[in-house]
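Numbering (the UniProt record's numbering), first residue to last: 1 to 365.
Idealized CB from N, CA, C, for every residue including glycine.
Since we're looking at a predicted model, the values are computed, not measured.
Presented below is the structure to which this report refers.
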């Protein structure tokens, strides 16, 4: 019987090398068992003849076995020492064990190589899509899910979904139409929250450099967990929006009445649940997804958040020279306006001025 420890030490000797203690252990096994000694010589001969180091070669294996047969014939003819004659009866067993060892070591090393190759493939098997300011793009994932990316968004996704879950990573804003697959949940990871779905349509806005994130559900059902409180699970229903903000603790529990209830058990991140905003007289789509129709919409937003959205939308930079101007609030819809035209429209509704230098707009009193 082939000792597992002998196979393990011999394999390691041929591949990664032995420690001093392991070398002494292997030498002891070879001295104690003459069959192991012959097996070791056979395996090493085979190893030298196989340049790949792990690929099974029928020709090389046959060559080794021919060597064993020749040695057996010499032993039978008396062309061996007395000590070797004592082992003549072991040749059939030796050939069998040598075959097992050769194939075993080859398979073991092939599995190591295959595993390494698979890891390398997985490490490279991701795509990262980055949209520039003012640019939107649409992707179709391997499962049929469609994703539309808004401006200045980074989206990482696998070339092929092959696990129990379908997981992607988002820094920015994206509209998802997830292919339904109950056996393989779809999970979107962002810096502030994780969204788990089976098949539905929703919008996520979560930029790493902003304190506020939003998830807007169009239809279906999604489950959201916050990055700093993974035990909490928030379930959204169609036409609901989850708003995540740092440094407070509030959740709206009655959507129909619009009343909020303070959740005193929550600390750190604030999250609130509210209805999506629709303006049927203007557009049948929710305000939160009008960017898909090339409309930049603000509903009582502060100037600071508006400036951030405009920077991504137009590929510009907005600098406030007076901090108090960031608190001004506006309601507006822009579609074909340039950045200058949009700021000019806002200026008519409140008292501020601006100047432009290249692609930078300076806001002042």
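Taking only three categories from DSSP, how would you classify residue i?
i, result
"residue 214", "strand"
"residue 288", "helix"
"residue 248", "Below a pLDDT of 50, predicted positions are generally treated as unreliable, and residue 248, at 41, falls in that range; no measurement from the model is reported."
"residue 19", "coil"
"residue 312", "helix"
"residue 38", "helix"
"residue 355", "strand"
"residue 345", "helix"
"residue 293", "helix"
"residue 230", "strand"
"residue 242", "strand"
"residue 225", "strand"
"residue 28", "helix"
"residue 192", "coil"
"residue 368", "The question about residue 368 has no answer, for the chain in this structure spans 1 to 365."
"residue 259", "Because residue 259 sits at a pLDDT of 39, beneath the cut-off of 50, its placement in the model cannot be relied upon, and the point is left open."
"residue 365", "coil"
Which stretch, first to last residue, makes up the beta strand (DSSP E) that contains residue i?
i, result
"residue 273", "269-275"
"residue 302", "296-302"
"residue 333", "329-334"
"residue 189", "186-189"
"residue 203", "201-206"
"residue 317", "317-320"
If residue i and residue j are in contact, beta carbons under 8 angstroms, what's the gap, nearest whole angstrom?
i, j, result
"residue 37", "residue 22", "The pair is not a contact, with the Cβ atoms about 17 angstroms apart (cut-off 8 angstroms)."
"residue 369", "residue 318", "The chain is shown from 1 up to 365; residue 369 falls before or after that span and cannot be answered."
"residue 166", "residue 186", "5 angstroms"
"residue 147", "residue 156", "That belief does not hold up - the Cβ atoms of residue 147 and residue 156 are roughly 11 angstroms apart, past 8 angstroms."
"residue 329", "residue 302", "5 angstroms"
"residue 154", "residue 135", "That belief does not hold up - the Cβ atoms of residue 154 and residue 135 are roughly 13 angstroms apart, past 8 angstroms."
"residue 172", "residue 149", "7 angstroms"
"residue 217", "residue 269", "Not a contact, Cβ separation roughly 19 angstroms."
"residue 310", "residue 342", "7 angstroms"
Start-end ranges of the beta strand (DSSP E) lying completely within the segment 127-184, minimum 3 residues: Runs of the beta strand (DSSP E) inside the segment 127-184: 137-140, 146-149, 154-158, 166-177.
I'd like to know if the segment 348-365 and the segment 191-200 are in contact, where contact means that at least 3 CB-CB pairs between them fall below 8 angstroms. The way I'd put it, the segment 348-365 doesn't touch the segment 191-200; fewer than three beta-carbon pairs between them come closer than 8 angstroms.
Cβ contact check for the segment 282-297 and the segment 318-329: 3 or more pairs under 8 angstroms: The segment 282-297 is not in contact with the segment 318-329.
Across the segment 201-210 and the segment 168-179, are there enough close Cβ pairs to call them in contact, namely three or more that are closer than 8 angstroms? Three or more pairs of CB atoms, one per stretch, sit closer than 8 angstroms, so the segment 201-210 contacts the segment 168-179.
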